[in-house]
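Novice: Residue numbers (the numbering used here): 1 to 204. Backbone N, C-alpha and C fix where the C-beta goes; we use that ideal spot for every residue, glycine too. Pasting a structure here, questions to come.
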Amino acid sequence: MDYEESLSSGEYNEQVPQAQRPVETTAASRSVEVRLHSSQSQVDATILDKHLVATGYDQSGLPKVTNYVAYEQYYDSAEWTVQTRGMHVIVLDQNTGRVISYKAFDTWGDGSSSAALVAHLSRIPAGRIVCFAVLDDGAVQLNSAARKAITALGSKEISSLAYRDMWTFVALKGGKAIGEAIQKKLPSEEWARDLHLRVNVPLV
1 MDYEESLSSG
11 EYNEQVPQAQ
21 RPVETTAASR
31 SVEVRLHSSQ
41 SQVDATILDK
51 HLVATGYDQS
61 GLPKVTNYVA
71 YEQYYDSAEW
81 TVQTRGMHVI
91 VLDQNTGRVI
101 SYKAFDTWGD
111 GSSSAALVAH
121 LSRIPAGRIV
131 CFAVLDDGAV
141 QLNSAARKAI
151 TALGSKEISS
161 LAYRDMWTFV
171 ALKGGKAIGE
181 AIQKKLPSEE
191 WARDLHLRVN
201 VPLV
C-alpha cells in the first residue's frame with residue numbers, strides 16, 4: 001500500500017512517503033511555523049515553507065471528490081492539493097514538523113462524516129500536532145460527538161461553530177491548544193469572511 005492509498009483508505013497510517021527528507025533544525029529553531037487559511041472557496045496551509053491547497057467544488061455545489069486526493073507527493077513539490085468542502089485535518093510529526101497525513105471530511109453534506117472524523121482523531125497518537133481548517137462549511141453535519149472530540153484537544157470555539165462560519169485550530173494531541181480562531185458569519189453575509197491563523201509550534 002502506497003502513501004496515498006494509506007491515507008484514502010480510512011485507516012490511520014503513519015507510513016511516510018520515500019520522498020520525505022529529514023528537516024534540518026538547530027537548537028535555536030526547534031519550532032515549526034503553521035499558517036492556516038479558512039474560507040468559502042479554499043483552505044490553505046503553509047508548513048515548513050510548503051504550500052498545501054484545498055480548493056473548490058463544482059458549480060452545482062457538489063465537491064469535486066468525496067474524500068482525499070493528492071496530485072503530487074508533498075515533499076516532491078511545493079504544492080499538494082486536496083479537494084473537498086468541510087473539515088480539513090492535517091497531522092504533523094512533533095519531532096520534525098513534517099506532514100504525516102491530510103484528510104478532509106465533508107461535514108456539510110455527508111451524514112457519516114462526523115463518525116469518520118471522530119475515528120480518525122482517536123487513532124492519532126498522543127503528541128502529534130493536529131491542525132484543523134474549514135472549507136465552505138464545516139458545521140451542518142458536525143455532531144456533538146465530533147465537537148466533543150475536538151473540545152478534548154483544547155478547542156474553546158468548536159461548540160459555537162455554526163453554518164458557514166470559518167474556523168482554524170492547532171493543538172497537540174493529548175497536550176494543549178496552540179492557537180485557534182473563528183470568524184462568525186454575519187446575518188448580512190452568505191459566508192463568514194476569510195480567516196487566517198499563524199502560530200509557531202514547539203518541536204520535541
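With distances taken Cα to Cα, identify the nearest neighbour of Gln42 among Val199, Ala192 and Lys148.
Specialist: Here residue 42 refers to the residue found at position 42 of the sequence shown. Nearest C-alpha to Gln42: Ala192.
Novice: Which residues in the same chain as Asp194 place their Cβ atom closer than 6 Å to its Cβ, once the five residues preceding and following it in sequence are excluded?
Specialist: Working through the sequence shown from its first residue, we reach residue 194 at position 194. Correct list, in chain order: Ser39.
Novice: Can you tell me where the alpha helix (DSSP H) with Ser122 in it begins and where it stops?
Specialist: As a first step, residue 122 must be located in the sequence shown, where it is residue number 122. Annotation for Ser122: the continuous alpha helix (DSSP H) segment containing it runs Ser113 to Arg123.
Novice: In this structure, does DSSP put Ser155 in helix, strand or coil?
Specialist: For the purposes of this step, residue 155 is taken as residue 155 along the sequence shown, with counting starting at 1. Three-state result, Ser155: coil.
Novice: Tell me, which residues are paired with Lys50 by DSSP?
Specialist: To locate residue 50, count along the sequence shown from 1; it is residue 50. In the DSSP output, where bridge partners are listed per residue, Lys50 has Ile47.
Novice: Report the rounded CA-to-CA distance for Ile129 versus His37, giving the unit in angstroms.
Specialist: As a first step, residue 129 must be located in the sequence shown, where it is residue number 129. As a first step, residue 37 must be located in the sequence shown, where it is residue number 37. When rounded, the distance between both Cα atoms is 17 Å.
Novice: With distance defined between alpha-carbon atoms, name the residue in Met166, Arg123 and Val140 nearest to Ser101.
Specialist: The count along the sequence shown starts at 1 and reaches residue 101 at position 101. Ranking Met166, Arg123 and Val140 by CA distance to the CA of Ser101 puts Arg123 first.
Novice: Using a Cβ-Cβ cutoff of less than 7 Å, which residues in the same chain neighbour Lys156 once the five nearest sequence positions on both sides are dropped?
Specialist: Walking along the sequence shown from the start, residue 156 turns up at place 156. Counting only Cβ-Cβ distances below 7 Å, and skipping sequence neighbours, we find Glu180.
Novice: Along the chain, where does the beta strand (DSSP E) containing Leu142 start, and where does it finish?
Specialist: Counting from one through the sequence shown, the residue named residue 142 turns up at place 142. Premise fails: Leu142 is in no beta strand (DSSP E) and is neither H nor E.
Novice: Could you compute how far the alpha carbon of Ala145 sits from the alpha carbon of Ala116?
Specialist: The sequence position of residue 145 within the sequence shown is 145, counting from 1. The sequence position of residue 116 within the sequence shown is 116, counting from 1. For Ala145 and Ala116, the distance between alpha carbons rounds to 11 Å.
Novice: Where DSSP assigns a beta bridge to Ile172, which residues make up the other side?
Specialist: Within the sequence shown, the letter at position 172 stands for residue 172. Sequence check: residue 172 is Leu here, not Ile. In the DSSP output, where bridge partners are listed per residue, Leu172 has Ile129.
Novice: With Asp137 and Trp108 assumed to form a contact (beta carbons below 8 Å), what rounded beta-carbon distance in angstroms separates them?
Specialist: Along the sequence shown, read from residue 1 onward, the residue named residue 137 stands at position 137. Along the sequence shown, read from residue 1 onward, the residue named residue 108 stands at position 108. Sure, about 4 Å apart at Cβ, within 8 Å.
Novice: Could you spell out the range, first to last residue, of the beta strand (DSSP E) harbouring Arg198?
Specialist: For the purposes of this step, residue 198 is identified with residue 198 of the sequence shown, where counting begins at 1. Here the beta strand (DSSP E) through Arg198 covers Leu195 to Pro202.
Novice: Can you grab the Cα-Cα spacing for the pair Leu161 / Asn95, in whole Å?
Specialist: In the sequence shown, counting from the first residue as 1, residue 161 sits at position 161. In the sequence shown, counting from the first residue as 1, residue 95 sits at position 95. C-alpha separation (whole angstroms): 31 Å.
Novice: Who are the Cβ neighbours of Leu197 in its own chain at under 6 Å, not counting the five residues just before and after it?
Specialist: For this step, residue 197 is matched to residue 197 along the sequence shown. Within the same chain, Leu197 has close Cβ partners Leu36, Thr168, Gly179 and Ala181.
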